[in-house]
Amino acid sequence: MKAMITTGYGSSDVFKLETVAKPQVKPDEIMVKIHASSVTKADTMMRTGKPYIGRLMLGLTKPKHPIWGTGFAGVVEAVGPEVTEFQVGDKVFGENIATMGTYAEYVTVPEKGIVAHLPENLSFDEAAGMCDGGITSLNFLLNLGQIQAGQRVLINGASGALGTAAIQIARHFGAEVTGVCSTKNLDMVKELGAHHVIDYTREDFTANTNTYDLIYETVGVRSFGECRDALTEHGIYASPVLGMPLLRNMMVTALFGKKKAKFSATGALPVKELRRLLDILLEIIEAGHLRGIMDRSYPLEQLVEAHQYVDKGHKKGNVVLKPVA
Ligand SMILES: NC(=O)c1ccc[n+]([C@@H]2O[C@H](COP(=O)([O-])OP(=O)(O)OC[C@H]3O[C@@H](n4cnc5c(N)ncnc54)[C@H](OP(=O)(O)O)[C@@H]3O)[C@@H](O)[C@H]2O)c1
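The working numbering applies: residue 7 is where the sequence shown begins, and numbers increase by one.
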């Protein structure tokens with residue numbers, strides 16, 4: 007099969023197209039012919055090998071998995087003898103966190119991993135990025151933010167993969183949603199369900215008198231300190247982008263004060279919890295309350311260009327790779 011091999015950490019040039027053996031299914035695995043795989047902001051950060059602490063999981067001096075990529079959607083091509091939930095020909099999607107391998111034509115996935123049947127109202131392209139943006143935002147809104155109907159929720163970076171999912175999920179839970187994005191994305195963010203939009207190029211959301219029960223800062227450009235006055239008395243600031251200041255704020259607010267700063271590494275959650283979140287996500291999708299937002303797609307061979315585009319930090323929803331033309 008064709009696959010993009012990762013030769014080391016660094017710029018987008020680390021990927022090289024090669025022909026390699028198709029992966030073999032283990033007894034409890036399925037093999038998926040990939041129709042779309044995601045290229046995420048998290049992928050591009052892992053590619054750089056920084057912060058170095060990430061290498062404890064990814065490989066100290068070079069990536070331990072030759073083929074990277076985690077999000078996928080496609081058709082089951084083979085099943086191991088112990089597999090009971092899936093059959094050859096089933097349409098599926100998911101996130102292969104432990105062993106990656108989705109920058110390729112085929113990937114093997116444990117049946118009990120993060121994989122589900124494709125809902126009828128989701129295309130392969132939409133589904134490929136759904137777990138990254140959807141499960142992460144569900145984890146932040148539900149587990150960290152304890153979102154409830156009627157709460158005021160602000161989402162910074164409302165036009166990205168996490169943000170576009172977050173607006174729809176927060177609406178699903180009955181929150182009053184404010185989306186912060188740039189001028190070109192205001193209409194999309196409104197159309198996804200935001201009650202209010204703020205153009206960050208013209209207005210600073212921390213500078214007016216509005217307050218929020220939850221600020222979900224997906225971009226990592228506004229600190230807890232900057233957002234503190236925009237939180238309600240028991241408000242929560244949650245960001246998926248970890249740095250030393252957030253770490254310090256988490257430790258301090260865990261002990262003192264009513265306003266809290268929070269972070270979670272969603273991919274490091276136990277598989278049982280990720281599957282629980284995936285089940286909730288499926289309910290939201292099947293209710294017609296969550297769709298995937300597609301920015302652009304690239305053929306598998308153009309992974310370098312896809313990473314260069316995602317590196318810029320201005321994508322709209324998701325970018326996908328297409329091993330099948
Ligand atoms: N901790 C976890 O579990 C976890 C999981 C997944 C991802 N992540 C991390 O979460 C972060 C976000 O990921 P993503 O996939 O959503 O990124 P993304 O798709 O690249 O989204 C970035 C979005 O932010 C907007 N943006 C850029 N500068 C902004 C600013 N100053 N203010 C407001 N919006 C701004 C951009 O819109 P414009 O073009 O309009 O600027 C763009 O749409 C990444 O750092 C990723 O590594 C963490």
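Glycine residues also receive a C-beta, built at the ideal position from the N, C-alpha and C atoms.
- Excluding its 5 nearest sequence neighbours in each direction, H202 has C-beta neighbours in its own chain below 6 Å: T184, listed in chain order.
- The alpha carbon of I286 has as its nearest neighbour, out of R254, M136 and P69, the alpha carbon of M136.
- At least one heavy atom of ligand 1 falls within 7 Å of the beta-carbon of M51.
- Cα atoms of E279 and A104: separation of roughly 15 Å, rounded to the nearest angstrom.
- Using a cutoff of 7 Å, the CB of C187 counts as near ligand 1, since one of the ligand's heavy atoms is closer than that.
- Remark: the shortest separation between the CB of Y206 and any heavy atom of ligand 1 falls under 7 Å.
- Relative to ligand 1, S165 has its C-beta within less than 7 Å of a heavy atom.
- Shortest Cα-Cα distance from T170 to any of Y112, Q308, I36 and D301 involves D301.
- Taking 8 Å as the cut-off, the beta carbon of V45 is found no closer than this to the beta carbon of V310.
- For D34, the CB contacts under 8 Å within the same chain, skipping 5 residues up- and downstream, are G86, E88, V89, P116, E117 and K118 in chain order.
- Rounded to whole angstroms, the gap between the alpha carbons of L306 and E232 is 41 Å.
- Nearest Cα to G180 within the set E83, K268 and V159: V159.
- Runs of beta strand (DSSP E) with 3 or more residues, each lying fully within the segment 101–126, are found at 112–116 and 120–123, listed in chain order.
- Note on the segment 12–59: whole alpha helix (DSSP H) runs with a minimum of 4 residues are 47–54, in chain order.
- Beta-carbon to beta-carbon, S43 and H313 are separated by about 13 Å, too far to satisfy the 8 Å threshold.
- Bridge pairing for L327: S43 and Y304 [DSSP].
- The beta carbons of I242 and L150 sit closer together than 8 Å.
- In this structure, the beta-carbon distance from H178 to I290 falls below 8 Å.
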